Structures are given as C-alpha cells and as structure tokens.
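Undergrad: Protein sequence lines correspond, in order, to chains P and C.
Mapping the first sequence onto my numbering, position 286 (from 1) lands on 293, and the numbers just tick up by one.
Mapping the second sequence onto my numbering, position 244 (from 1) lands on 251, and the numbers just tick up by one.
Where is the CB? At the ideal position from N, CA and C, for every residue including glycine.
Since this is a predicted model, take the numbers as computed values, not measurements.
There are 2 protein chains.
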Amino acid sequence: MTSLPEIDGERLLARLDAFAEIGATPGGGVNRQALTRGDRQARALMTALAKARDFSVFQDDAANLFIRMEGRDSDLPPLLIGSHLDSQPTGGRFDGALGTLTAFEVLESLADVAFEPTRPIEVVVWTNEEGCRFAPGCMGARAFVEGKIPLEWAGTRATDDGSRFNEDRLATIEALAPEIDHRRLGFPVAAYLELHIEQGPSLESAEIPVGIVTGVQGTRWLEVLFEGQTAHAGTTSLQFRRDPLKALTTGLAALYETVMPEKADARFTVGRIAVTPGSVNAIPATASCTIDLRHPDTFVLDMLEEDIGTQLAAAAETERVSFSIRKTVDMAPVTFSEDVVATLQTAAKTAGFNTRSMISGAFHDALFLAGHAPTAMIFVPCRDGLSHNEGEYVKPEDSVAGAHMFLASVLELLR
Amino acid sequence: MTSLPEIDGERLLARLDAFAEIGATPGGGVNRQALTRGDRQARALMTALAKARDFSVFQDDAANLFIRMEGRDSDLPPLLIGSHLDSQPTGGRFDGALGTLTAFEVLESLADVAFEPTRPIEVVVWTNEEGCRFAPGCMGARAFVEGKIPLEWAGTRATDDGSRFNEDRLATIEALAPEIDHRRLGFPVAAYLELHIEQGPSLESAEIPVGIVTGVQGTRWLEVLFEGQTAHAGTTSLQFRRDPLKALTTGLAALYETVMPEKADARFTVGRIAVTPGSVNAIPATASCTIDLRHPDTFVLDMLEEDIGTQLAAAAETERVSFSIRKTVDMAPVTFSEDVVATLQTAAKTAGFNTRSMISGAFHDALFLAGHAPTAMIFVPCRDGLSHNEGEYVKPEDSVAGAHMFLASVLELLR
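Following this line, the structure appears as structure tokens:
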C-alpha cells in the first residue's frame, strides 16, 4: 500500500507566485485577460508543469484546458476539478488561479505517492470566466455544457484591442496545438468541484477557514429609465420642473432603505447611473441606472423585482416623468448537488475543518457545470472580501488549508 | 416737428425670418455658434442692413459689432441697446436674435421719421454670449467691460473643430474690416438696455407680455464627491458596504425635498451625476455630481450652500464614506439700475403695457454691462419657457409688443 497523499504547501505557494508573475501589474495584481498573450503564457506554463509530471493534456474547441490523471477504470467519466486562469484588467492573483493551482496541487500530491484513483481525475482551466474582455463571462464553461460554441459569440469584439473572439480563440488553441491533443466539448463528467476565494467578507469576519457552497443566488439585472423635460436650471421654478433625476434619486433612496435592510439575503446594487444631456446648468432630460438584484430564492426575487418597479413608478408619477424598466439578465438561483455537498461535509468533519455552509454571491464556472454534473464549491477567506482588485489577498495558511480540504474532498468523492 | 416713431411689426418679423435662415437646422432652430461661418454671415447681413440705412458701423477687438445713429450731441456717451446673434449648437431662432433685431428695429423706426435723439444710440451685437463653442459665455461683454481681452482666452480651443479663439476672433474681425471702422473696447456708455426672451415659463403662464428685469440672481456651482469602497455586488452584504452612491442619492433626495420647496426663489439643479468604475455588478468606488444653486439674495445663497454641505456630510457619515464639496463658480446676484428700471416702468405705464417685475434666472450680457453703465432688461414670453432648443418659439404678437415696449423705453431713456 502506498502512503497517504499530502498537500505540499510550499509547492502550492511557489506555483501561485510563479503564475502571479504572468501579467503582473505594478500594483501587485495581474492583468491576464482572457485569450491575451498573458493568458496564453499561463496556459503554456500550466501545460509544461503537467507534462513534467507525465499527465496528459487536452484542449477543446472553447480552448478549455484539461490535465488528466488516469484511474483504475479509464472508461469511467472523470472527476473534474479546477477553475480559471484569466483575470480582470486590474485583477488579483488569487481569483481563479488559486482554484486552478489547488486542483493541480491535488493531482501532484496524488502522483507523489503513486495514488491510483478509482476513476480518472482531470484538472480543468476554463476559458474566459471573467467576461470583461469578451462578454459574457464563463464562456468556456457555458460552451462545454452546451456542447458547442454559440454562433453569436463569433463576432464578439474585445473591449481592449477590438480583436474578434473567434480569432483569439483559434490563435490560443493553435499556440498549444502542437503539444497537446484535442478533446470534444461536453464529455460526461462524474462530478465537478471548484475551489475559489469567497470574494466577500463573511468567512474572514467569522474566522472560518472553509466555506462549503451549497448554491449560487439568483441574479437579475434591470435597466431603469426616467424621461422628463430638460430645461434651464436658472429660469425654471419648481412647479414647471419635470426632473427625471429627482424621480430617480428619490426612488433609489427609498429602495436603499428597504430592499437590503428588510431582506438580509438580498443584494441591491446600483453600479451605473447617467443623465442626459449632462450639462451643469440644465435640468436633465433623462436619468437612467442599472440595478443588480440578487437573492437565493426565486420567489423573493420576484417579490423584490415587483417592489422595485412599484416604488420607482410611484416616484415617476410624483415628478410627472415617464418611467420604464427592462430586465436584461435573469439567472435563476442554482442549488448544488446535495450528494456532493454532503460528501464535502463528511470530508471536513473527518479532516477536522471548521466550515460554514453558504450561498455564493458571485457567478462561477460551477454555476454552469451544475447543469451538467453533480457540482459543489469550496470557498476560502480573502482579506476584507476584496476581489477584482490588485489588493486581493489570501493568507498563505488559508490557501494551504483550502488545499488540504480540497484533497480530503477529492478523496471522499472517489470513495 | 416730425411725426412720432413707430415700430414696423412686419419688418421686424421679416428680419427674424431672414436671420433664422442663417445656420438653419432641420428641426426649425439655428446652429450659429460663435465665430463660425454662420455667425460671420449674420454679422455681414447685419452690417449690410445698417449700411443700407446709412448708419455707421464699428467693431472692437472682441469682434463686438456697433451700429450707430448720431444724436444732437455726438460727444455724449451713447445709449447702448442690443443683444447677441450667436446660438447654441441646436439653438432657437429667438435667443439673442430677437433682442438684437428689436434694437435695430428701434433704430430704423427712429430713422423712418428722421428722429434726432438727444445723444447717439448704438445697437450692439455682443460676441459669444452662449459660451458653448468657446468658454466662458458673454466673452464680448466681459472684454468690453474689462477694456481688454483676458490673456487666458487666447489659446482656448473650440469644442467643435478645435480651432483657437484668437484665430477665429481675428478671422471674424478681418472678414468685415474692409467695410467698417475699428472701435476701442470699453468706451463710456450712458445706459444699456437689452430685450431677451424669458427662457422660463412665468410670463407665459401669467399671460403678461412684458417683464421688467430688476436684476440677475446669484449662481453657485458646486462639485460633490463621495468616496467609498468598490466591492462585488453579489457577495457584499449590507454591513460591509460603504456605498458612495447610496450616500449621494439619499443626500440628494433630502435636498430635493427641502431646498426648492422651502425657498420659492431658489433653484436647485443636479445636471451631472457619475460613478466609478461604472460596472453593473460592482458597488461604486466614487459617486459625484454637480449642483447649480441660484437665488437672488447672497444671504440666502450662503445659508443654502451651508445646508447642502451639512445634509450631504450627514449622508456620508451614515454610509461611512468620505465626502468633499468644491465651489467652482460663484457669481453674486446683480441688481440693475433703479433709475433705468423706474424709467421702464414709466414707459410701460404711459404705453399701457401690463408688466411684471422679475429677476432673471439666466446669465445675459446685461449682467456684465451692469458693472459699466446703468442697465436693465426687458423680457418677452416664450412658449413653455423652452429655450436652448430648436422648438423655442415666441408668438409674433409678443415679439411686436416687446418691440413697442422697447421703443417706448428708449424714448423715455432719451428724455
């Protein structure tokens, strides 16, 4: 019998440092946006590390990268573990990379002791999780689950240099094609497990090292538009004003006081606001904003969306301006596999980890994989909940603890 | 004894039509921005009309145009009457043009009956009142009153084609220079009188044809900035948010409910609002806006400005975000000459006009002339108070009534 596999914390942290050098920014973060030169360098390094350990490497038509360890029965669908290596333009060094390198560390730790899993294990690097260079996000995971690349993505242009998604995708695939084999999209998967930084402050503030993620909250994006009458700031008295920004701010002020204070699990965010014509001395003609609304429960989302419409419409009526609201995104809440979650809880208990069950507030590739295979996630704390920011930071001991938990979970899933 | 001068309403309306053709826009307005080809065409037409009546024509270094009728004593400072001919990019046909052409109609009506005034009368066309192509507005009137062109204007670039103020100013002067004489900036003036459309709805709604303007309200421009902490919309619960837009909208909502409702003469306008980074799914890092605050009384302006600072600071404190406010414009209220205002009231009474005394909400060239000579203004109603808009409209009978009132006022001022 071989000895038990163990995480090599030093190796994991060294790998994190090595990947953080690719696309490193002066502020200590990374700019390694999807399908750029930096992203390709990261894929090349990942491939080189895999080949050095004699793992086989594949990529599919979405440029998703797979690193495979064979199992006792190679015909069984693999256990899939991983995350992404692309980043925001001024992103942190842990978002995506920590999950990918933790999965690879697990593979190496198994190889270190010549562990033979019951089924194949594959580390996956999903393409374009962030969605900031090419929308939408999670392109690789979406295409994998759909089994094809949606036609409408072909002409999508990059926000930075204007190049086409299709060209950058093919160039990325071709850069590695001589060294690695092709794989079809959407092959069967036994289960999917992803580790990620929380990107929120709850684990850190509760001093809990591991979150077991039981699902992803639902998200709706709304576009709100008020239309009034532009007029001269100096000459138009109150009775003649039809000010759409007054309606918008009054309506938003009311919503800020009700939505989140009354529903602890709700998230209500106005990330964009604008007026036209945007002149210091003109009452605006239009005022608009976006609303990002989230909650784990579809029923509550429906109720909140109705509340928002009602309150904003009332503000519009008071100011005698017209009002419209349009839903641009409606992602239903996802509940992860109860079996996988239970397995993680067992693994945590056995390994002695203090955990918290939690809902993910952010999208992840796992949200899409949940439609393809039994799926769950593990979160580790990050400082001040800060992410999508060069100051993103995870304590070394938390990264290593997460890897221990991930290894224990993989072993439990393989039983 | 000559017969009494009389306004020729048909002639005035025909002149308005002729000038509305210069820079006419498809929407029925004009685009005759300062020192453009259209502006030069308007000056050329004005000059041709003046020469056809044997008036002498001058221009100064600011390209202000003067059309002079001699008086009994040519050494006395002239009575100055006029307005401007430049427009907003999608401006109306009455803003500026009505006052200029009314002043010229008065000059023609006097010439029709060979009326000899006690002192010279000059019609002035001020350069760049609007300030939209080259900031600031009222450049011609400012330079006239200062007696020189401020050095800092020389390099100012046009917002449309990027050409320099100084080059366009000289080209405009040179285009007319062969035909007309030069005049120094800031010569002595007996009194200044300007007719303008109200650019607000109060005369129209009260069905009063003439406003006697006793002053211009004070204006302050404030720039407000809240700085919080950007964070993920989905993962950050209420207790961890430091949302600057929540602070801004809450603060503004409170101000909308107090400033204007409590002070009938106050004007409170937020014309610009912005957040960074401006991402649908990110709590903003910063939220900013402009405030345009007006009132005829400096004491009340001081009080309101303090109130605004206090209320916004309180909102910032509640949301744990930082707050700053900066004053970028502070134009004190101006009170026009009591003598000129009394003379206008006498003229109105004699001529049988129903008038209203009022404060101008907008800037005008007269605001600057008030620092140089006894000054007042006459307002005529415009439809729905609409101005800076192609739909700007003045009823023909209101234009003609305004000209009658203007002639009566000029005759009274000459007594």
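Could you give the DSSP three-state label for K334 of chain P: helix, strand or coil?
TA: Three-state DSSP puts K334 of chain P in a strand.
Undergrad: Determine the extent of the beta strand (DSSP E) in which S295 of chain C is found, giving its start and end residues.
TA: Note, S295 of chain C: beta strand (DSSP E), T293 to H302.
Undergrad: With 16 as the cutoff for other CB atoms within 10 Å, does T166 of chain P come out buried or exposed?
TA: Exposed, by the Cβ-count rule.
Undergrad: Could you work out which residues of chain P lie near W160 of chain C, taking near to mean beta carbons separated by less than 9 Å?
TA: The contacting residues do not exist; W160 of chain C stays about 20 Å from chain P at best.
Undergrad: According to the neighbour-count rule (16 or more other Cβ atoms, all chains shown, within 10 Å of its Cβ), is H302 of chain C buried or exposed?
TA: Result: buried.
Undergrad: Run through DSSP, which three-state label would L210 of chain C get?
TA: In the structure shown, L210 of chain C sits in a helix (DSSP, three-state: H, G or I).
Undergrad: Count the other CB atoms, across all protein chains shown, that sit within 10 Å of the CB of G398 of chain C; report buried if there are 16 or more and exposed otherwise.
TA: Counting Cβ neighbours within 10 Å, G398 of chain C comes out exposed, since fewer than 16 surround it.
Undergrad: By Cβ distance below 6 Å, which residues in the same chain neighbour V417 of chain C in space, the five residues on each side in sequence not counted?
TA: The answer, listed in chain order, is V113.
Undergrad: Between which two residues does the beta strand (DSSP E) holding V37 of chain P run?
TA: That residue, V37 of chain P, is in no beta strand (DSSP E); it is neither H nor E in DSSP.
Undergrad: Quick one: what does DSSP say M8 of chain P is sitting in, helix, strand or coil?
TA: For M8 of chain P, the pLDDT reaches just 49, beneath the cut-off of 50, and the residue's location in the model is therefore unreliable, leaving the point undetermined.
Undergrad: If we define contact as Cβ-Cβ less than 9 Å, is T342 of chain P a contact residue for chain C?
TA: So, not an interface residue.
Undergrad: For Y400 of chain C and chain P, any beta-carbon pair shorter than 9 Å?
TA: False, the Cβ-Cβ gap to chain P never drops below 9 Å.
Undergrad: With 9 Å as the C-beta to C-beta threshold (strictly closer), list the residues of the segment 200-212 of chain C near chain P in chain order.
TA: Correct list: E205, Q206, G207, P208, S209 and S212.
Undergrad: What is the DSSP secondary structure of E129 of chain C, counted as helix, strand or coil?
TA: Residue state, collapsed to three classes: strand.
Undergrad: Within the same chain, show all residues whose beta-carbon is closer than 6 Å to that of D188 of chain P, passing over the 5 residues directly before and after it, in chain order.
TA: The answer, listed in chain order, is F65.
Undergrad: Output the distance between the C-alpha atoms of I180 of chain P and R50 of chain P, rounded to the nearest integer angstrom.
TA: Rounded to whole angstroms, I180 of chain P to R50 of chain P spans 10 Å at the Cα level.
Undergrad: Straight-line CA distance for E419 of chain C to A142 of chain C?
TA: One C-alpha to the other measures close to 36 Å.
Undergrad: So is N396 of chain P buried or exposed if we call it buried at 16+ other beta carbons inside 10 Å?
TA: Its Cβ being crowded by 16 or more others within 10 Å, N396 of chain P is buried.
Undergrad: When DSSP labels each residue in this structure, what does T221 of chain P get in the three-state scheme?
TA: Correct three-state label for T221 of chain P: strand.
Undergrad: For A110 of chain P, count neighbouring C-beta atoms within 10 Å of its own C-beta (all shown protein chains included) and say buried if the count is 16 or more, exposed if not.
TA: A110 of chain P is buried by the Cβ-count criterion.
Undergrad: At 3 residues or longer, and completely inside the segment 378-414 of chain P: list those beta strand (DSSP E) runs for me, N to C.
TA: Here the runs fully enclosed are 382-387.
Undergrad: Expressed to the nearest angstrom, what Euclidean distance is found between the alpha-carbon atoms of L23 of chain P and A104 of chain P?
TA: Taking the straight line joining both Cα atoms gives about 7 Å.
Undergrad: According to DSSP, G89 of chain C sits in a beta bridge with which residue or residues?
TA: In the DSSP output, where bridge partners are listed per residue, G89 of chain C has C:V131.
Undergrad: Which residues in chain C have a C-beta closer than 8 Å to the C-beta of M384 of chain P? List them in chain order.
TA: Going along chain C, no residue has its Cβ under 8 Å from M384 of chain P, so there is no contact; the nearest lies around 13 Å.
Undergrad: Any beta carbon of chain P sitting closer than 9 Å to that of G392 of chain C?
TA: It does; some Cβ of chain P falls within 9 Å.
Undergrad: Hey, L393 of chain P and A238 of chain C: beta-carbon distance below 9 Å or not?
TA: Yes, they are a contact pair.
Undergrad: Quick one: Cα of K469 of chain C to Cα of E230 of chain C, how far?
TA: This structure cannot speak to residue 469 of chain C, because chain C is shown only from 8 to 422.
Undergrad: Using the Cβ count rule (16 or more neighbours within 10 Å means buried), how would you classify Q206 of chain P?
TA: Answer is buried; the Cβ neighbour count reaches 16.
Undergrad: At 8 Å on the CB atoms, spell out the chain C contacts of R47 of chain P, in chain order.
TA: Within chain C, no residue comes near R47 of chain P; the closest Cβ sits about 26 Å away, beyond 8 Å.
Undergrad: Three-state secondary structure (DSSP) at D188 of chain P?
TA: The answer is strand: DSSP assigns D188 of chain P an E or B state.
Undergrad: Output the boundary residues of the alpha helix (DSSP H) element that contains V266 of chain C.
TA: Start and end: P251 to E269.
Undergrad: Does DSSP put R171 of chain C in a helix, in a strand, or in coil?
TA: It is a strand residue.
Undergrad: Answer with yes or no whether the minimum CB distance from I280 of chain P to chain C is below 9 Å.
TA: It does; some Cβ of chain C falls within 9 Å.
Undergrad: Could you please give me the residues that DSSP links to V231 of chain C through a beta bridge?
TA: Beta-bridge pairing links V231 of chain C to C:C296 and C:I332.
Undergrad: Check whether the Cβ of Q224 of chain P lies closer than 9 Å to any Cβ atom in chain C.
TA: So, interface residue.
Undergrad: Which class does E123 of chain P belong to by DSSP, given the choice of helix, strand or coil?
TA: Correct three-state label for E123 of chain P: coil.
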